[in-house]
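Participant: Residue 1424 is where the sequence shown ends in the numbering used here, and the numbering goes up by one at each step.
Note that CB positions come from ideal geometry on N, CA and C, so glycine has one too.
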Amino acid sequence: MKSIKLTILLAGIFLAGSSCKKEYLTRDPFGVLNEEEFFKTDGAGLKLVTSCYGPMADSWGYTVNKVAIMDESVDNADAGGSDPGDRPQTTEVGTGRPLASNALLNETWSNRYRGIGKCNQALDGLMKQGANLIENGSKLPAESLARYIAEIKFLRAWYYLDLVTVFKDVPLITAVEDPSVRKAKSSIEEIRVQIMKDLDESIGEANFPRRSKLIPAETGRASKDAALTIKARAALFFAGLMEQKKMSGDAKAEYEASKVASQEVISNGNLTLLSDFNDLFRGDYKVGPFSSECIFGILHQYNPAFGLGGDAFAIMNVGRNNVGGWGGNTPTKDLASSFDEADPRKMMTIISHNDIFKTSTGGQEIHNYKGYFNDFNLQQSRKAFVPQQYRQDNDLQRSNWQPYWIRYAEVLLIYAEATLKTNGNVSDALDKLNQVRYRAFVSTKKIDEPAHFRLFGKDLKTISEQDFLAKYAISASDQVLEAIKRERRNELALEGFRLYDLVRWGNYTSTMKSFFSKYGFANKGRDASDQSWPFPIPQIEIDRSNGMLVQNENY
């Protein structure tokens, strides 16, 4: 009876309200803030900054996508999946001649522009309303506002570098625009200027902290060292294209900029390599993400009480069958063969069929990679795999797995390469290169602790410093640049770098043709040519542009 009375009462209120004047019906709905009201809420500025990280924290649109584009489309890994019809978008890019309708390319374009759009909105809001923002009940300090702006400019540059690495010339959007506005492509030279402008302004901001100054609660946020590294990374990319005459500019000046930026991180970042490579990828993610080697990575912590879920990468790129993953990102035989047999990074990068891991109850989990689209390689990524003891309820999606988007090891390798390219001190370049190799061969443990048996670990032996210097250190009499290239492949494998490297080195076509000739699996590299890159702009974006966007000339 009470519920009936309540229903009648509510109905009466509604009918009474419906007879009121028109303004009642056109008022703002409850629970919705207009822009002016939003900027009056406590913490609005930090919320804007956080929104700019959102596209990067997208498991499918970013984490899975970036490694698919950068590693699975080239010689480091295959797409994998349940069967040849699974993940055709990745396999198609791998042929070297994807269609403009390719879903992986469309996902890349959409995700990065979503990030750029959020950065533009945040910058617009902070510029207009920054003086009115409050945080923790008080006016937002000017220093915090300056940091937010620097952080967002770094992220915008990050998203644009991803885009030019795949598509080369893309529309340049640096302000909030009406959704109906469509823009033509800007040249890669114009995009380079904007990327460097954003990064230089971030780096020059005194309130943008160094990585070593971030408190534990800020793990996963950008820093001045992250901006310096991306400047160095971008300069290497543009320099390579300039050398190949794929864009105009002074390659030597770009290499110099890369050297200077990476040197600043090395000299003043107060960063260092972890002594054991295993601490990065063992699976617990209690050491690596919080170490001084991790300059930037999107922190994932499985904590449903706060709505925090694991990254889909950690189930997508793990073996199927009894292991429970979805079988993506299968490392190639070619990648495996590129490692020195004495290098424990091979073990911590690639899991082999019949490797045995410990279960959470003390039993054995024998990895079975047969019977799906991995019968050719019979390998999966160790960098994606979280052993049972580091998951909740043995669920691959309930772990603290995270990507490392910038590691200090990359900074050392950037500096070594840029130093050589600017005719710098070879012994200085060798020192940085051999720091990375020393960590791998000497100080890294020769066992995979959560495993009972690892094929790539069974013959590993302790290497003394004397043996390292005699057998494994790179010397001036070696082909140092080629050694750096091999080191980048081995150190950064399956972390989203290989396509970037092959394109800037001018090695994409020859590498992919050779790969197809040697392996022929899944037609990878079959159609690779000098016309493969840049990849095609998604046709759906061209169709939406009302004639403003035109397809890349090579497609």
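Could you tell me the alpha carbon to alpha carbon distance between Ile1099 and Gly1365, rounded to whole angstroms?
Facilitator: Going by the C-alpha atoms only, they are around 14 Å apart.
Participant: Residues in the same chain with beta-carbon distance under 6 Å from Gly914, minus the five sequence neighbours each way, listed in chain order, please.
Facilitator: If we look at Gly914 and ignore the five residues flanking it on each side, its Cβ neighbours are Leu1002, Leu1009, Tyr1017.
Participant: Thr1199 and Gln1249 - do their beta-carbons sit closer together than 8 Å?
Facilitator: A contact, by the Cβ cut-off of 8 Å.
Participant: Quick one: is Thr959 buried, meaning 16 or more other Cβ sit within 10 Å of its Cβ, or exposed?
Facilitator: Classification for Thr959: buried.
Participant: Count the other C-beta atoms from every protein chain shown that fall within 10 angstroms of the C-beta of Val1346, then say buried if there are 16 or more, exposed otherwise.
Facilitator: In the sequence as presented, Val is not what sits at residue 1346; that position holds Ser. The residue is exposed, with fewer than 16 neighbouring Cβ atoms inside 10 Å.
Participant: For Arg1413, is the classification buried or exposed, using 16 other Cβ atoms within 10 angstroms of its Cβ as the cut-off for buried?
Facilitator: Burial call: exposed.
Participant: Please check the pair Lys1393 and Asp1031, which I expect to be a contact at CB under 8 Å, by giving their CB distance rounded to whole angstroms.
Facilitator: In fact, because the Cβ distance is near 22 Å, the residues do not count as touching under 8 Å.
Participant: Whose C-alpha, out of Pro957, Lys916, Ser979, Ala969, is nearest the C-alpha of Gly930?
Facilitator: Checking every option, the nearest Cα to that of Gly930 belongs to Ser979.
Participant: Please state the DSSP three-state secondary structure of Thr1199.
Facilitator: Three-state result, Thr1199: strand.
Participant: Any idea which residues DSSP pairs Ser1055 with across the strands?
Facilitator: DSSP, once it has assigned bridges, lists Val1039 as partnering Ser1055.
Participant: With 16 other CB atoms within 10 Å as the buried threshold, where does Met939 fall?
Facilitator: Buried.
Participant: Considering only DSSP beta bridges, list what Asp1370 is partnered with.
Facilitator: BP columns for Asp1370 are empty, so no partner.
Participant: Should Val1187 be labelled buried (16 or more other beta-carbon atoms within 10 Å of its own) or exposed?
Facilitator: Classification of Val1187: buried, given that the 10 Å Cβ count is 16 or more.
Participant: Does DSSP classify Asp940 as helix, strand or coil?
Facilitator: Asp940 falls in the helix class under three-state DSSP.
Participant: Out of Ile1219, Phe1023, Phe1322, Ile1316, which has the shortest C-alpha to C-alpha gap to Lys1330?
Facilitator: The candidate whose alpha carbon is nearest that of Lys1330 is Ile1316.
Participant: Is the stretch 1330-1344 in contact with the stretch 1235-1245, if contact means three or more CB pairs nearer than 8 Å?
Facilitator: With a cut-off of 8 Å, the stretch 1235-1245 and the stretch 1330-1344 do not count as touching, because too few Cβ pairs lie within range.
Participant: Looking at the structure shown, is Gly949 part of a helix, part of a strand, or coil, going by DSSP?
Facilitator: Three-state DSSP puts Gly949 in a strand.
Participant: What's the gap between the Cα of Val1035 and the Cα of Thr1230?
Facilitator: So the two alpha carbons sit approximately 45 Å from each other.
Participant: Following the continuous beta strand (DSSP E) through Lys1227, name the residue where it begins and the one where it ends.
Facilitator: It spans 1225-1227 - the beta strand (DSSP E) in which Lys1227 sits, taken as one unbroken run.
Participant: Please go through the stretch 1336-1372 and give each complete alpha helix (DSSP H) segment of 4 or more residues, from N-terminal end onward.
Facilitator: Complete alpha helix (DSSP H) runs here, min 4: 1349-1361.
Participant: Could you tell me if Gly1179 is buried or exposed, where buried requires 16 or more neighbouring beta carbons within 10 angstroms of its beta carbon?
Facilitator: Buried, by the Cβ-count rule.
Participant: Can you tell me whether Asp1069 is helix, strand or coil according to DSSP?
Facilitator: Of the three classes helix, strand and coil, the one that applies to Asp1069 here is helix, per DSSP.
Participant: By a C-beta neighbour count over all protein chains shown, 10 Å radius and 16 as the cutoff for buried, is Ala1096 buried or exposed?
Facilitator: It counts as buried.
Participant: Just the C-alpha distance for Ala1342 and Ala1352, rounded to the nearest angstrom, thanks.
Facilitator: Their Cα atoms are separated by approximately 10 Å.
Participant: Here's a check: name, in chain order, each residue in its chain whose Cβ is nearer than 6 Å to the Cβ of Ala1130, leaving out the five neighbours to either side.
Facilitator: So the qualifying residues of the chain are Leu1097, Lys1100, Ala1101.
Participant: Could you spell out the range, first to last residue, of the beta strand (DSSP E) harbouring Ser1250?
Facilitator: Per DSSP, Ser1250 belongs to the beta strand (DSSP E) from 1248-1250.
Participant: DSSP three-state call for Ile1275: helix, strand or coil?
Facilitator: Strand, per DSSP.
Participant: Taking just the CA atoms, how far does Gly923 sit from Arg1025?
Facilitator: One C-alpha to the other measures close to 12 Å.
Participant: Just how far apart, CA to CA, sit Ala1183 and Leu1265?
Facilitator: The alpha-carbon atoms of Ala1183 and Leu1265 are separated by roughly 6 Å.
Participant: Compute the Euclidean distance between the alpha carbons of Leu1083 and Ser1092, then round it to the nearest angstrom.
Facilitator: Rounded to the nearest angstrom, the two C-alpha atoms are 8 Å apart.
Participant: When the Cα atoms are used, what is the spatial distance from Leu1068 to Ile1411?
Facilitator: Rounded to whole angstroms, Leu1068 to Ile1411 spans 29 Å at the Cα level.
Participant: Which of the three DSSP states is assigned to Ser1007 in this structure?
Facilitator: The answer is strand: DSSP assigns Ser1007 an E or B state.
Participant: Since Ala1285 and Ala1298 should fall inside the 8 Å C-beta cutoff, what is the C-beta to C-beta distance between them, to a whole number of angstroms?
Facilitator: Right, the Cβ-Cβ distance comes to about 4 Å (below 8 Å), so this counts as a contact.
Participant: Going straight from the alpha carbon of Gly912 to that of Met996, what length do you get?
Facilitator: So the alpha carbons of these two residues sit roughly 16 Å apart.
Participant: Rounded to the nearest angstrom, what separates Ile1409 and Met1116 at their Cα positions?
Facilitator: In a straight line, the C-alpha of Ile1409 is about 26 Å away from that of Met1116.
Participant: Please classify Gly954: is it buried, with 16 or more other beta-carbons within 10 angstroms of its beta-carbon, or exposed?
Facilitator: Burial call: exposed.
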